[in-house]
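Heads up, the thing below is written out as structure tokens.
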Amino acid sequence: MKRNKSKKRGSFFTLLVRNYIVFTIAIGLAIVSLVTISSIRVAQILKEPKVKDVVDYASLLSTEQYGEIPIEYLMGKGSYIKVLDKDNKIVYESDPKKFRDNLTKGEVECIQNYAPYGETYVEEYYNDKGEKNTSITIYYNEEYEKKDKIYIVDKDLNLIYTNTKTKKKSFTKREFEYLTGEYPQGYDIKKYNFHDKNNNDLMLIMYVPTFREETMKKIDRITIITLIGFAIIYIILITIFIIWMNRKVKRPVNLLNKAIVNFKNGEREKYLNYDGPQEFYDICESFNDMSRQLYESEKKSEKLEEDKQKMLADISHDLKTPITVIKGYSKAVCDNLVCEEEKNQYLMTIYKKADNLDQLINTFYEYSKMEHPEYKLTLEKLDICEYTRAYLAEKYDELYISGVELEADIPEEPIYCNIDKVQLKRVFENIVSNTLKHNNEGISILFEVEILEDKVKIIIADNGCGIPKDIAKSIFEPFVVGQKSRTKQGSGLGLAISKKIIEGHEGSIKLISSRDNYKTLFEISLPIKIEK
1 MKRNKSKKRG
11 SFFTLLVRNY
21 IVFTIAIGLA
31 IVSLVTISSI
41 RVAQILKEPK
51 VKDVVDYASL
61 LSTEQYGEIP
71 IEYLMGKGSY
81 IKVLDKDNKI
91 VYESDPKKFR
101 DNLTKGEVEC
111 IQNYAPYGET
121 YVEEYYNDKG
131 EKNTSITIYY
141 NEEYEKKDKI
151 YIVDKDLNLI
161 YTNTKTKKKS
171 FTKREFEYLT
181 GEYPQGYDIK
191 KYNFHDKNNN
201 DLMLIMYVPT
211 FREETMKKID
221 RITIITLIGF
231 AIIYIILITI
241 FIIWMNRKVK
251 RPVNLLNKAI
261 VNFKNGEREK
271 YLNYDGPQEF
281 YDICESFNDM
291 SRQLYESEKK
301 SEKLEEDKQK
311 MLADISHDLK
321 TPITVIKGYS
331 KAVCDNLVCE
341 EEKNQYLMTI
351 YKKADNLDQL
361 INTFYEYSKM
371 EHPEYKLTLE
381 KLDICEYTRA
391 YLAEKYDELY
401 ISGVELEADI
411 PEEPIYCNID
421 KVQLKRVFEN
431 IVSNTLKHNN
441 EGISILFEVE
451 ILEDKVKIII
461 ADNGCGIPKD
471 IAKSIFEPFV
481 VGQKSRTKQG
491 SGLGLAISKK
501 IIEGHEGSIK
511 LISSRDNYKT
521 LFEISLPIKI
531 EK
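In structure tokens form, the structure reads like this:
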């Protein structure tokens with residue numbers, strides 16, 4: 001079963017890379033999704049206070065509609081506000097339960113004004129006298145304050161220098177904390193001055209939760225959940241990838257294993273039908289080729305065994321016939337059953353049968369010797385044209401006496417081949433002797449030599465009765481004679497030996513179609529020895 005191999009198939013490596021890219025993209029999407037969800041959740045926890053938005057609610061502040069301001073939405077969960085009048089009394093509290101103690105005027109004065117992107121820098125240093133001082137610099141956005149504020153205090157929090165108009169000479173510990181931004185109870189506190197509808201001076205105090213340990217725990221919890229979620233998704237994707245890989249690899253492996261088991265159980269002509277990655281396809285096709293070759297090899301082995309049995313039967317028959325004659329005639333002579341006049345005739349028959357038997361055994365020996373894997377010809381570089389002319393010159397008288405007309409067409413220029421001159425002569429002798437044996441007198445034999453590319457072609461033909469078609473197909477097999485009758489003269493090994501000899505020369509011999517008036521044509525091809 002041959003399949004079309006021209007179909008383009010992706011390699012397993014390409015398929016693996018493609019699916020690994022898909023797997024990586026899936027992992028990337030999972031990471032992006034989890035990080036996005038986590039970021040949104042963390043952002044909700046760490047919602048950046050939108051204090052400026054509170055300030056933008058000036059219309060509500062001026063009309064004293066403080067309850068309409070969405071405090072926690074704008075400034076974050078846990079935020080609240082207070083509104084103080086010019087006497088520092090509470091006008092409004094969004095959450096009265098928070099900070100029941102009232103702020104002093106000094107504390108209110110030290111609370112930093114609201115300004116986007118404002119920053120406070122605190123630096124400790126020692127003066128020329130070795131005394132410890134603290135410098136507080138508050139940087140503002142120019143939209144809210146025209147200049148930055150600077151305070152310098154000593155170790156007892158006495159005010160040494162400031163660029164503000166404050167009348168304070170010193171600070172309490174709590175006032176200093178408000179001034180430096182170290183607010184109590186985990187809140188950032190800012191103030192914003194505005195007027196109500198009656199043009200009274202009021203002050204908005206905004207309390208925004210700072211980053212606390214509880215917040216950190218929540219973020220840690222979200223981080224852990226994110227990592228667990230990623231691990232679960234990663235395991236699921238890895239499992240899918242492994243299952244896919246297992247399926248892609250296991251399917252051809254199972255097919256191959258099943259085919260091997262079937263082959264072991266004697267199912268020889270069942271082949272794999274697989275269409276997938278090129279590497280696995282090639283493996284399955286290689287198995288099919290191996291299975292096909294093993295099957296053909298088994299068939300050849302079976303045929304060789306049959307041929308062997310047939311050979312033994314033929315050898316037995318060929319040996320039995322002359323031995324039977326020898327035994328019968330010799331016993332008749334020994335028992336004095338033959339008269340003196342016929343005794344010489346009997347003895348001559350015994351001699352001829354023994355001679356035929358000797359020739360037959362020699363032929364069997366030559367054939368079996370050529371079957372041996374270590375058998376080698378004795379090759380030498382010779383001019384095949386001169387060699388053929390020498391053979392025909394030696395054979396001429398015999399052919400002339402037999403009434404055979406010899407025709408030769410051999411080039412004058414030399415053609416060199418590596419040949420075993422003894423064994424190649426046997427090939428010529430086998431073909432010529434078969435021609436003489438199976439044809440009547442008055443036939444013509446043709447020897448023709450010509451160059452065909454890198455080979456020399458030798459044609460040996462005759463215009464005799466020809467070879468029957470049913471024999472022509474198996475003419476080079478052992479024990480095939482002119483007719484399929486074992487009573488015919490000859491061992492049937494001559495052409496089989498000739499084929500072995502020619503193949504030993506790395507050439508070929510075959511029976512070709514009739515040409516002109518020649519009915520039997522043998523074509524021998526031998527490689528030309530190329531000069532280096």
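The sequence shown begins at 1 in my numbering and counts up by one.
Glycine included, C-beta positions come from ideal geometry on N, C-alpha and C.
Just so we're clear, the structure is a prediction, and the values are computed from it rather than from any experiment.
- For the set Lys437, Ala472 and Tyr178, the Cα lying nearest the Cα of phenylalanine 522 is the one of Ala472.
- Closest in C-alpha terms to isoleucine 235, from the list His438, Ala30, Val449 and Asp85, comes Ala30.
- Around the beta carbon of cysteine 110, 16 or more other beta carbons sit within 10 angstroms, so the residue counts as buried.
- In this structure aspartate 154 touches glutamate 131 by the C-beta definition: roughly 6 Å separates them, less than 8 Å.
- Annotation: the segment 116 to 184 contains the following complete segments of the alpha helix (DSSP H) (minimum length 4 residues), in chain order: 173 to 180.
- The C-beta distance from tyrosine 139 to aspartate 148 rounds to 5 Å, short enough to meet the 8 Å contact threshold.
- The Cβ atoms of methionine 206 and tyrosine 183 lie no closer than 8 Å to each other.
- In this structure leucine 347 touches valine 333 by the C-beta definition: roughly 7 Å separates them, less than 8 Å.
- Contact check for proline 414 against glutamate 386 passes: the beta carbons are separated by less than 8 Å.
- Non-local C-beta neighbours of phenylalanine 280 in its own chain, meaning closer than 6 Å and more than five positions away in sequence, comprise Pro252, ordered along the chain.
- The beta carbon of leucine 202 lies closer than 8 Å to those of Leu61, Val83, Leu84, Asp85, Lys86, Val91, Asn193, Phe194, His195 and Asp196 in the same chain, with the five residues before and after it left out.
- Taking 8 Å as the cut-off, the beta carbon of glycine 504 is found closer than this to the beta carbon of leucine 377.
- Isoleucine 475 and leucine 511 do touch by the CB rule: their CB atoms are close to 6 Å apart, below 8 Å.
- For isoleucine 419, the secondary structure class from DSSP, reduced to helix, strand or coil, is strand.
- Around the beta carbon of valine 427, a 10 Å sphere encloses 16 or more other beta carbons of the protein chains shown; the residue is thus reported as buried.
- Counting C-beta pairs with one atom in each stretch, the segment 224 to 235 and the segment 247 to 266 have fewer than three that are closer than 8 Å, which means they do not touch.
- When the alpha-carbon of lysine 455 is set against those of Asn418, Ile443 and Val432, the nearest one is in Asn418.
- One Cα belongs to asparagine 158, the other to leucine 103, and the distance between them is close to 21 Å.
- The Cβ atoms of leucine 357 and isoleucine 401 do not sit closer than 8 Å to each other.
- Secondary structure of isoleucine 69 (DSSP, three-state): coil.
- Annotation: the continuous beta strand (DSSP E) that includes tyrosine 207 extends over 201 to 209.
- Contact holds between the segment 364 to 372 and the segment 495 to 502, because three or more Cβ pairs, one in each stretch, are under 8 Å apart.
- Short of 6 Å from the beta carbon of glutamate 405, and not among the five residues preceding or following it, lie these beta carbons of its own chain, in chain order: Ser444.
- In this structure, threonine 226 lies away from leucine 74, with their beta-carbon atoms at least 8 Å apart.
- In its chain, beyond the 5 residues on either side, no residue has a beta carbon closer than 7 Å to the beta carbon of proline 70.
- Where aspartate 85 is concerned, the enclosing beta strand (DSSP E) starts and stops at 80 to 85.
- Taking a 10 Å sphere around the C-beta of serine 508, we find fewer than 16 other C-beta atoms and assign the residue as exposed.
- Per DSSP, the continuous alpha helix (DSSP H) segment holding threonine 349 begins and ends at 340 to 371.
- If you draw a 10 Å sphere on the C-beta of threonine 239, you find fewer than 16 other C-beta atoms in it, and that means exposed.
- In the structure shown, isoleucine 410 adopts coil according to DSSP, grouped into three states.
- Counting only residues of its own chain and dropping the five nearest sequence neighbours on each side, tyrosine 518 has a CB closer than 7 Å to the CB of Leu446, Ala461, Asp462 and Asn463.
- The three-state secondary structure of valine 404, taken from DSSP, is coil.
- Apart from the 5 residues on each side of it in sequence, tyrosine 416 sits with its Cβ closer than 8 Å to the Cβ of Lys381, Leu382, Asp383, Ile384, Ile528, Lys529 and Glu531 in its chain, given in chain order.
- Just measuring C-alpha positions, the residue of Asn200, Glu177, Asn199 and Asn198 sitting nearest lysine 190 is Glu177.
- As computed with DSSP, alanine 461 is found in a beta bridge with Leu446 and Leu521.
- Membership of lysine 381 in the beta strand (DSSP E) is indicated by the continuous run 380 to 383.
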